[in-house]
Amino acid sequence: MSRDTRLAWINGLLLPLMNILTAFAATAILFLLINVNPIEAAKTLLYGAFGYGEGIGYTFYYTTNFIFTGLAVAIAFHAGLFNIGGEGQAYIGGLGAGLVVFMLFPGLSPWLMIPASIFGAMLFGGIWAMAPGYLQAYRGSHIVITTIMFNFLAATLMVYLLVKVLREPGKMTPQSVLFPDNAWLPFVHDVLPAFGIEMERSPLNLSIVLALVMAVLVWFFLWQTRWGYAIRATGRNASAAVYAGISQKKIIMVAMCISGALAGLVGINELLGYHHRIIMNFHIGYGFGGIAVALMGRNHPFGIVIAALLFGTLYQGGAELAFEWSNISRDIVVVMQGLVILFCGALEYMYKPWLVRWLAPVKEVQA
Amino acid sequence: MQSTLLNKMVKGLSLALVTSAVSLSAMAADVAPAVVYSDAGKFDKSFSEAVWNNGVKRFMDETGIEVKEAEPTNLAQVEQYLKRLAKRGHSPIVAVGFSQANAVSAAAAAYPDAQFTLIDMVVPEPNVQNVVFKEHEGSFLVGVLAAMKSESNVVGFVGGMDIPLISRFGCGYEQGAKYQSADITVLQNMTGSTPAAFGNPSKGAELTRTQMEGGADVIFAAAGGTGNGVYQAAADAGKYAIGVDSNQNHLHPGTMLTSMVKRVGEATYQSYKAAQNGTWAPGVQVMGLAEGGVDWAIDEHNRGLVSAQMEARVNDVKAKIIAGEIVVHDYMSDNACSY
């Protein structure tokens, strides 16, 4: 095996694996400190996430959200932009999805209604991300600052709309009316019986298919198209890209727009897929979770899908842990997720120099 | 292979649990109560904690019956937990907070034999008991007291998340203050537009300082954990603050003028107790001043701040509200503070 192949294996498989094992080891120590048997806890977590139909459904339902936001962060990251506005873009994406449903006439075929709504989510999410993109490209306002500010703008706007404009008449809850049936994305537990498979009820819906399709499309876009190449070139070395005739302004706008559109799809999974109305705060946590997912997935769609699955597992399995074990509170679950992010993200290269020296040393050149 | 075995075991187990719960409820002596806290968390020093302290914990201490608790982190989890609890035969299940309404609706339809008690919102299901509070009445009272205590004739209100439920506190407070002193200025601020607004003490302190610069010398916080910052800032400046939900008078004795208590814990406790006695009934319970659902708190910590004249006045207004002589406008009836 050549040194390059060995390095690729170290980077792509060995390092993430060792990082995650370290994170689990740290979690195990934490559990021992609070008198929880780590093996039993791991069993509860895994059983909760994969042991039965409903659990599996929840795991993949969360995974879907993380795939969308993970891809969103990755696209921007490839252009050298750190989009931390996934929360707001997801929230506004949900608004777009809902508005399309309410604007189109209620008897429309779901075959038209759902794609139109998906388009609405992507459009709104994209526009919401393009505003900070514009400010970065043409005014030099830093994208990290503006995107996080736009999260708060999104929250404020949505509260205003849900309380004053879109609220179901005669109801006190700040939420819209129920979507008509033709805007309901089918649940997986309703679809699978057609193929002879029975599954317990869960919020998992066909958005998971959309998420996987998006992962493939993002891969194709980034590595097989000129636009994708231009984005990656800008991210690697902006001045070289400019020298090569790539307009940095245009790339920032395009990357942010696609990034926001992907984040906006969280609204499809949450609203068209599960809640079936525009509600408050369906997006909380997924936008920021997407950053960790992209980081762990090495900004590659395949890695992102795997990392999203890990996060989905931690979400659902963690909920199960907090539910079943009286001495594990939901905050311990957050600590557990934090340890995974710490070791897989922040301390990503902790083992690397050591591994490289051991497995892929640079051959000394004989003089 | 192993997973199917596990599956069978769990199914068998949950079936056993369900059947045992059914046979137990037939005896109407034992209950298997449960609670799902709001997503602000169990220990928020305010709303959820009142449910725990005065409801769940009290019931467990008195009866020795364990209450199964769940703390969700997102909305999908609320429904998951409610259904799981119902599936395992828990009943009654107390759902804390308005944001659980949709989930309660779905869970109640899926498990018609389970009893659900929803706090702060109404869901029209045959097996749901809805407990809502007239926060505007309690807020009116503390508004009257604030106006009497204020020397600058300016009082403040710091709300949590900008939603109609919180505006209901602010609007009641404003009406009370104006009832007492028609030309008083009531400064009002909301902390934010996300649920984090209920847990942001530093922002609460910031808003309080701003209001104090504007002349306010009594500030009422209806903002969950954010309130802690409000009380601290008021205490630091030697001004007065009014607590909410739990009796928070003890937090800063000497500057905590009073608290607008909302007896969510009592509602929880009563729900469990009623189920134990076999008197649990679905429907809507509106808990106002007359029902003791909301009130103002006077105890050894704020006795020195409230003169006999003030106390008499507030109790007089309270009696008038109960008698219907004063009608406090409810912000949520028309989404406006028009009175």
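First to last, the protein sequences are chains A and B. Position one of the first sequence corresponds to residue 148 (my numbering), numbered consecutively onward. Position one of the second sequence corresponds to residue 789 (my numbering), numbered consecutively onward. Beta carbons are placed, not taken as given, at the ideal position from N, Cα and C, and that holds for glycine.
### Task
Compare the C-alpha of M1044(B) against each of P1070(B), I1114(B), G1017(B) and name the closest.
As a position in the second sequence, residue 1044(B) is number 256, starting the count at 1. Cα-wise, what sits closest to M1044(B) is G1017(B).
### Backbone CA spacing between Q968(B) and R997(B) [nearest angstrom]
Taking the second sequence and counting its residues from 1, the one referred to as residue 968(B) is at position 180. Taking the second sequence and counting its residues from 1, the one referred to as residue 997(B) is at position 209. Answer to the nearest angstrom: the Cα atoms are 24 Å apart.
#### Entry: Length at least 4, wholly inside the segment 1028-1097 of chain B: the alpha helix (DSSP H) runs in chain order
Entirely contained in the segment 1028-1097 of chain B, the alpha helix (DSSP H) runs reaching 4 residues are, in chain order, 1052-1065.
### Message
Report the CB separation of L870(B) from I881(B) in whole angstroms; it is logged as a contact under 8 Å.
### Response
Here residue 870(B) refers to the residue found at position 82 of the second sequence. Here residue 881(B) refers to the residue found at position 93 of the second sequence. Confirmed, Cβ separation roughly 6 Å.
### Message
If contact is defined by three or more beta carbon pairs under 8 Å, each pair taking one atom from either stretch, is the segment 436-445 of chain A in contact with the segment 208-218 of chain A?
### Response
With the cut-off at 8 Å, the segment 208-218 of chain A and the segment 436-445 of chain A touch.
### Task
For V946(B), write down the residues that DSSP places opposite it in a beta bridge.
Here residue 946(B) refers to the residue found at position 158 when the second sequence is read from its first residue. DSSP, once it has assigned bridges, lists N977(B), A1009(B) as partnering V946(B).
#### Entry: CB contact below 9 Å: G432(A) versus chain B
Taking the first sequence and counting its residues from 1, the one referred to as residue 432(A) is at position 285. Under the Cβ criterion of 9 Å, G432(A) is counted among the residues facing chain B.
#### Entry: Integer-rounded CB distance, given that S834(B) should sit under 8 Å from V1032(B)
Along the second sequence, read from residue 1 onward, the residue named residue 1032(B) stands at position 244. Along the second sequence, read from residue 1 onward, the residue named residue 834(B) stands at position 46. By a beta-carbon distance limit of 8 Å, V1032(B) contacts S834(B). Their separation comes to about 7 Å.
### Query
Are the beta-carbon atoms of V743(B) and K922(B) separated by less than 9 Å?
A question about residue 743(B) goes unanswered here, because the residues of chain B that appear run from 789 up to 1127.
### Message
Can you tell me whether V810(B) is buried or exposed? The criterion is at least 16 other CB atoms within 10 Å of its CB, across all chains shown.
### Response
Here residue 810(B) corresponds to residue number 22 of the second sequence, with the count starting at 1. For V810(B), the pLDDT reaches just 43, beneath the cut-off of 50, and the residue's location in the model is therefore unreliable, leaving the point undetermined.
### Three-state class that DSSP yields for V363(A) in the structure shown
As a working mapping, residue 363(A) is identified with position 216 in the first sequence. Helix, per DSSP.
### Nearest-angstrom Cβ-Cβ length linking L332(A) and I415(A), presumed shorter than 8 Å
For this step, residue 332(A) is matched to residue 185 along the first sequence. For this step, residue 415(A) is matched to residue 268 along the first sequence. Confirmed, about 7 Å.
### Query
Are G464(A) and G204(A) touching if we call contact CB-CB under 9 Å?
Against the first sequence, residue 464(A) aligns to sequence position 317. Against the first sequence, residue 204(A) aligns to sequence position 57. Cβ atoms of G464(A) and G204(A): not closer than 9 Å.
### Query
Sorted by chain position, which residues of the same chain lie with C-beta nearer than 8 Å to M427(A)'s C-beta, five sequence neighbours on each side aside?
Position 280 of the first sequence holds residue 427(A). Excluding the 5 residues flanking it on each side, M427(A) has same chain C-beta neighbours closer than 8 Å at M305, V306, L309, P321, Q322, in chain order.
### Query
Would you say K991(B) reaches chain C, if we count a Cβ-Cβ gap shorter than 9 Å as a contact?
The chain inventory of the structure shown lacks chain C, comprising the protein chains A and B.
### Neighbourhood of L351(A) by C-beta distance below 6 Å, restricted to the same chain and skipping five residues each side
Here the question's residue 351(A) lines up with position 204 in the first sequence. Apart from sequence neighbours up to five positions away, the residues of its chain that approach L351(A) with a beta-carbon distance below 6 Å are G204, F207, Y208, V335, ordered along the chain.
#### Entry: Unbroken alpha helix (DSSP H) run spanning F921(B), endpoints
To locate residue 921(B), count along the second sequence from 1; it is residue 133. Careful: F921(B) lies outside any alpha helix (DSSP H), inside the beta strand (DSSP E) at 916-921.
### Task
Show which residues of chain A have a CB atom less than 9 Å away from the CB atom of Y869(B).
By one-based count along the second sequence, residue 869(B) stands at place 81. The answer, in chain order, is A466, F470.
#### Entry: CB contact below 9 Å: D950(B) versus chain A
The count along the second sequence starts at 1 and reaches residue 950(B) at position 162. For D950(B), the answer is yes, since a Cβ of chain A falls inside 9 Å of its Cβ.
### Query
Terminal residues of the continuous alpha helix (DSSP H) containing F342(A)?
Here the question's residue 342(A) lines up with position 195 in the first sequence. Following the DSSP letters along the chain, one finds F342(A) in no alpha helix (DSSP H), marked with neither H nor E.
### Query
Measuring CB to CB, does P1041(B) end up less than 9 Å from M319(A)?
Sequence index remark: in the second sequence, residue 1041(B) carries index 253 (1-based). Sequence index remark: in the first sequence, residue 319(A) carries index 172 (1-based). In this structure, P1041(B) lies away from M319(A), with their beta-carbon atoms at least 9 Å apart.
### Query
Cα separation between E1001(B) and M277(A)?
Looking up residue 1001(B) in the second sequence gives position 213. Looking up residue 277(A) in the first sequence gives position 130. Straight-line spacing of the CA atoms in E1001(B) and M277(A) works out to 39 Å.
### Query
Residue range of the beta strand (DSSP E) that L906(B) falls in?
Your numbering for residue 906(B) matches position 118 in the second sequence. That run of the beta strand (DSSP E) goes 904-907.
### Close-in-space but distant-in-sequence residues of the same chain around Y1119(B) (CB under 7 Å, 5 per side omitted)
Taking the first residue of the second sequence as position 1, residue 1119(B) is located at position 331. Taken in chain order, the residues that qualify are H924, P952, S955, R956, C959, C1125.
#### Entry: Residues that DSSP places opposite E857(B) in a beta bridge
Within the second sequence, the letter at position 69 stands for residue 857(B). E857(B) pairs with V823(B).
### Query
Helix, strand or coil: how does DSSP classify V882(B) here?
Along the second sequence, one-based indexing puts residue 882(B) at 94. V882(B): strand per DSSP, three-state reduction.
### Task
Give the range of the alpha helix (DSSP H) segment to which M497(A) is assigned.
The sequence position of residue 497(A) within the first sequence is 350, counting from 1. For M497(A), no alpha helix (DSSP H) run applies, since DSSP gives it neither H nor E.
### Query
Three or more beta-carbon pairs under 8 Å between the segment 454-474 of chain A and the segment 190-197 of chain A, yes or no?
Segments in contact, yes.
### Query
Quick one: is K830(B) near chain A, going by C-beta distance under 9 Å?
Looking up residue 830(B) in the second sequence gives position 42. Closer than 9 Å: yes.
#### Entry: Beta-carbon proximity list for F490(A), same chain, < 8 Å, skipping 5 on both sides
As a first step, residue 490(A) must be located in the first sequence, where it is residue number 343. Result list for F490(A): N166, I167, T169, A170, A173, M497, in chain order.
### Message
What would DSSP say about N158(A), mapped onto helix, strand or coil?
### Response
As a position in the first sequence, residue 158(A) is number 11, starting the count at 1. In this structure, DSSP gives N158(A) a helical state, which the three-state scheme calls helix.
### Task
Could you have a look at F271(A) and say whether DSSP puts it in helix, strand or coil?
Here residue 271(A) refers to the residue found at position 124 when the first sequence is read from its first residue. Assignment of F271(A) by DSSP, reduced to helix, strand and coil, places it in the helix class.
### Task
State yes or no: is the C-beta of I1086(B) within less than 9 Å of the C-beta of V1094(B)?
The residue given as residue 1086(B) occupies position 298 in the second sequence. The residue given as residue 1094(B) occupies position 306 in the second sequence. In this structure, V1094(B) lies closer than 9 Å to I1086(B) by Cβ.
#### Entry: F178(A) burial status per 10 Å Cβ neighbour count (16 or more: buried)
As a first step, residue 178(A) is located in the first sequence; it is residue number 31 there, counting from the start. Classification for F178(A): buried.
### Query
Per the contact definition of three or more C-beta pairs closer than 8 Å, is the segment 370-387 of chain A in contact with the segment 474-493 of chain A?
Contact between the segment 474-493 of chain A and the segment 370-387 of chain A is absent, with fewer than three C-beta pairs closer than 8 Å.
### Query
Using the rule of at least 16 other Cβ atoms within 10 Å of the residue's Cβ for burial, across every protein chain shown, is E867(B) buried or exposed?
Position 79 of the second sequence, counted from the first residue, corresponds to residue 867(B). By the neighbour-count criterion, in which 16 or more other beta carbons inside 10 Å mark a residue as buried, E867(B) falls on the buried side.
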